[in-house]
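Order-wise, the sequence lines are chains A and B.
The working numbering runs 59 ahead of the 1-based position in the first sequence.
The working numbering runs 59 ahead of the 1-based position in the second sequence.
Written below as structure tokens is the structure these notes are about.
2 protein chains.
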Amino acid sequence: MTVDLSRLSLNTATTKALTLEEAVDVAARAGLGAVGLWRDRVAEAGLERAAAVVREAGLRVSSLCRGGFLTAVDPEGQRAALEDNRAAIVEAATLGTRELVMVVGGLPANPSPGQAALPDGDRDLVATRQRVADRIGELVPFAEEHDVRLVLEPMNPIFAADRGVLSTLEQSLDLAADFAPESVGVVVDTYHVWWDPKLASQIARAGAEGRLAGYQVCDWVLPLADDSLLSRGYMGDGYVDFPTITRWVASAGYAGDVEVEIFNEQIWATDPLEAVRRTAAGFASAVSPHLTA
Amino acid sequence: MTVDLSRLSLNTATTKALTLEEAVDVAARAGLGAVGLWRDRVAEAGLERAAAVVREAGLRVSSLCRGGFLTAVDPEGQRAALEDNRAAIVEAATLGTRELVMVVGGLPANPSPGQAALPDGDRDLVATRQRVADRIGELVPFAEEHDVRLVLEPMNPIFAADRGVLSTLEQSLDLAADFAPESVGVVVDTYHVWWDPKLASQIARAGAEGRLAGYQVCDWVLPLADDSLLSRGYMGDGYVDFPTITRWVASAGYAGDVEVEIFNEQIWATDPLEAVRRTAAGFASAVSPHLTA
Numbered sequence: 060m061t062v063d064l065s066r067l068s069l070n071t072a073t074t075k076a077l078t079l080e081e082a083v084d085v086a087a088r089a090g091l092g093a094v095g096l097w098r099d100r101v102a103e104a105g106l107e108r109a110a111a112v113v114r115e116a117g118l119r120v121s122s123l124c125r126g127g128f129l130t131a132v133d134p135e136g137q138r139a140a141l142e143d144n145r146a147a148i149v150e151a152a153t154l155g156t157r158e159l160v161m162v163v164g165g166l167p168a169n170p171s172p173g174q175a176a177l178p179d180g181d182r183d184l185v186a187t188r189q190r191v192a193d194r195i196g197e198l199v200p201f202a203e204e205h206d207v208r209l210v211l212e213p214m215n216p217i218f219a220a221d222r223g224v225l226s227t228l229e230q231s232l233d234l235a236a237d238f239a240p241e242s243v244g245v246v247v248d249t250y251h252v253w254w255d256p257k258l259a260s261q262i263a264r265a266g267a268e269g270r271l272a273g274y275q276v277c278d279w280v281l282p283l284a285d286d287s288l289l290s291r292g293y294m295g296d297g298y299v300d301f302p303t304i305t306r307w308v309a310s311a312g313y314a315g316d317v318e319v320e321i322f323n324e325q326i327w328a329t330d331p332l333e334a335v336r337r338t339a340a341g342f343a344s345a346v347s348p349h350l351t352a
Numbered sequence: 060m061t062v063d064l065s066r067l068s069l070n071t072a073t074t075k076a077l078t079l080e081e082a083v084d085v086a087a088r089a090g091l092g093a094v095g096l097w098r099d100r101v102a103e104a105g106l107e108r109a110a111a112v113v114r115e116a117g118l119r120v121s122s123l124c125r126g127g128f129l130t131a132v133d134p135e136g137q138r139a140a141l142e143d144n145r146a147a148i149v150e151a152a153t154l155g156t157r158e159l160v161m162v163v164g165g166l167p168a169n170p171s172p173g174q175a176a177l178p179d180g181d182r183d184l185v186a187t188r189q190r191v192a193d194r195i196g197e198l199v200p201f202a203e204e205h206d207v208r209l210v211l212e213p214m215n216p217i218f219a220a221d222r223g224v225l226s227t228l229e230q231s232l233d234l235a236a237d238f239a240p241e242s243v244g245v246v247v248d249t250y251h252v253w254w255d256p257k258l259a260s261q262i263a264r265a266g267a268e269g270r271l272a273g274y275q276v277c278d279w280v281l282p283l284a285d286d287s288l289l290s291r292g293y294m295g296d297g298y299v300d301f302p303t304i305t306r307w308v309a310s311a312g313y314a315g316d317v318e319v320e321i322f323n324e325q326i327w328a329t330d331p332l333e334a335v336r337r338t339a340a341g342f343a344s345a346v347s348p349h350l351t352a
């Protein structure tokens, strides 16, 4: 069986052990059309060189991961976050992608992802979400100057305390509504949103508004891993209904790359070529047949 | 400091090591006004005797946990689920509570809570949710005959695959809308819904519709426990903004009991009197002051 993998994008988080050069090589040899890049791998390679490596391999950059962490209360923390996000915007533009994925950050009471709450920490979720909206508003003009879109990523509520206070696609689209669709979009990551009762209607809305900036696929597997961030699997190994969600995404007019971003210790420990082969097989069986509306 | 604990209810899941008689004794001696009962503890004590024990201690039964698990595809599984839920309805009525909490069940692809998906299992979440609505509709007349309310419990999406496909309060209220508010209600459990961007508006809606049938409190703590079901803490130990959510519940007109249901191995291993003391302290500091609108 020959499957067209031209819309499949390998996110460098899936092949964590590889350098950017190695990940690009694996993706190109497997016949994929794109890569999704994390900033740490780009920094290791050097920004200009990273851009050249991807270009020379004939691949697209489907997105840069990630901007965000915008929830600081103190002015110094807010200044630092804006500065870091402006750097990410420049990197995205240099790498030739319009889509900068934003993981917006958790509650101030969280000292760092996965850790216990500070006893006297700030747990005001409503105010924290408002700060995210305020910071996005401050970043939009700079993003527009660089022709980069801030792509809001609603995250599974399992991460609401410590990684991302945007929890649903509807909430993300409500936030985005104050801005042009070319400036603020959303990404649908099945791991984060597969459970959402309003997923069908909000994917359609994202398409109709011109904000559907990315489609990321990986599966929700049980039992949860010790580190829940890593509790992801190949498409088909868990509980996500990929055919249905993929048809919703296709019906919404999405014609971009499908990025596979799997955080999983076991997968990281396997041969990267085998990981890409399994990724392509899951894509071919559960996703690809449903990508054309 | 003397705190009025008359609206505090001890759920027997919080003091798992105790028999029903012991839990009732602990709750009464601590000055609580009510207990929330699990069916396993009731069955051990015997239904009539359980009712008598609570009555003689001068306590209310704030709710019976739990009915549900309504997602079977096969007719035999559906018949068995209806039969079990009718038994739970009779038990609730006998125990003197109107509120039967419904944990509606997960996807057919889930063989049992916490376990990996069946490779060829049914992952159709939309259809599964429709079956829940169908089964609720079939149970309502029997519940009405016994003056018992089916109380839908939206569950944290971490449990959507294996325990409860109702994931938000809005979704639960949409399902309930086909029925009288005396017949189908909702419970707000902070552990399950604290992250919901629409929580304020949907709690207000639940109150306005007369469907706010319970308020359960426990905290979202990190790091997650190995068994995520058990990853709950005393109020104040985690990330939930109890003052804010409690004010929303009070403003919605809720005047019932506040049930503390904490699944936590560490808490189960402590002296039950100490667990109740900690529970009362968390209630007094984070919840009670905000209970009057």
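Just so you know, even glycine gets a beta-carbon here, dropped at the ideal spot from N, CA and C.
- The beta-carbon separation of residue 292 (chain B) and residue 344 (chain B), rounded to 14 angstroms, does not stay under the 8 angstroms limit for a contact.
- Pairing residue 220 (chain B) with residue 180 (chain B), the inter-Cα distance amounts to about 12 angstroms.
- Residue pairing by DSSP places residue 274 (chain A) opposite A:247 and A:317 in a beta bridge.
- When secondary structure is reduced to three states using DSSP, residue 310 (chain B) falls in the helix class.
- Non-local C-beta neighbours of residue 149 (chain B) in its own chain, meaning closer than 7 angstroms and more than five positions away in sequence, comprise 205, ordered along the chain.
- Neighbours of residue 189 (chain A) in chain B, taken as residues at a C-beta separation under 7 angstroms, are lacking, since the least C-beta distance is about 12 angstroms.
- For the C-beta of residue 215 (chain B), the chain A residues within less than 7 angstroms are, from N- to C-terminus, 216.
- The shortest C-alpha to C-alpha distance from residue 260 (chain A) to any of A:223, A:306, A:91 and A:177 is the one to A:306.
- DSSP lists no beta-bridge partner residue for residue 335 (chain B).
- By the neighbour-count definition (other C-beta atoms within 10 Å, threshold 16), residue 88 (chain A) is an exposed residue.
- Taking a cut-off of 8 angstroms on C-beta distances, the segment 245 to 262 of chain A touches the segment 300 to 320 of chain A, as three or more cross pairs fall below it.
- For residue 160 (chain B), the closest of B:110, B:280 and B:127 by C-alpha to C-alpha distance is B:127.
- Sixteen is the threshold: since fewer than 16 other Cβ atoms of the shown chains lie within 10 Å of the Cβ of residue 185 (chain B), the residue is exposed.
- The alpha-carbon of residue 338 (chain B) is positioned some 23 angstroms away from that of residue 310 (chain B).
- Taking each of A:235, A:239, A:258 and A:132 in turn and checking the Cα distance to residue 303 (chain A), the smallest one comes out for A:258.
- Relative to residue 173 (chain A), the option among A:218, A:199 and A:202 whose CA is nearest is A:218.
- Contact annotation, residue 65 (chain B) with residue 95 (chain B): C-beta distance approximately 15 angstroms; criterion of less than 8 angstroms not satisfied.
- Annotation for residue 298 (chain A): 279 place their beta carbon closer than 6 angstroms to its own, counting only its chain and skipping 5 residues before and after.
- Relative to residue 214 (chain B), the option among B:228, B:256 and B:270 whose CA is nearest is B:228.
- Annotation for residue 144 (chain A): no beta strand (DSSP E) segment contains it, though the alpha helix (DSSP H) segment containing it runs 134 to 154.
- Residues of chain A whose Cβ lies closer than 9 angstroms to the Cβ of residue 227 (chain B) are, in chain order, 227, 255, 256 and 257.
- Within the model, the alpha-carbon separation for residue 256 (chain A) versus residue 234 (chain B) is close to 11 angstroms.
- When secondary structure is reduced to three states using DSSP, residue 341 (chain A) falls in the helix class.
- Distance from the CA atom of residue 285 (chain B) to the CA atom of residue 169 (chain B), rounded to whole angstroms, is 19 angstroms.
- If you look at residue 68 (chain A), you'll find it in the beta strand (DSSP E) that goes 67 to 70.
- Burial check for residue 67 (chain A): the Cβ neighbour count within 10 Å reaches 16 or more, so the residue is buried.
- Listed in chain order, the non-local C-beta contacts of residue 145 (chain A) below 6 angstroms within the same chain comprise 201, local neighbours out to five positions each way being set aside.
- The closest CA to that of residue 93 (chain A), considering only A:346, A:69 and A:331, is found on A:69.
- With the criterion set as a beta carbon lying under 8 angstroms from some beta carbon of chain B, the members of the segment 296 to 310 of chain A are 296, 297, 298, 299, 300 and 303, in sequence order.
- Within the segment 273 to 286 of chain B, 278, 279, 280, 281, 282, 283, 285 and 286 place their CB atoms closer than 9 angstroms to a CB of chain A, listed in sequence order.
- For the pair residue 224 (chain A) and residue 166 (chain A), the CB atoms are nearer than the 8 angstroms cut-off.
- In the structure shown, residue 101 (chain B) falls within a helical segment according to DSSP collapsed to helix, strand and coil.
- When the Cα atoms are used, residue 90 (chain B) and residue 313 (chain B) turn out to be separated by approximately 21 angstroms.
- Secondary structure at residue 91 (chain A): coil, using DSSP grouped into helix, strand and coil.
- If you check the CB distance, residue 199 (chain A) and residue 242 (chain A) come in under 8 angstroms.
- Judged by DSSP in its simplified three-state form, residue 122 (chain B) adopts strand.
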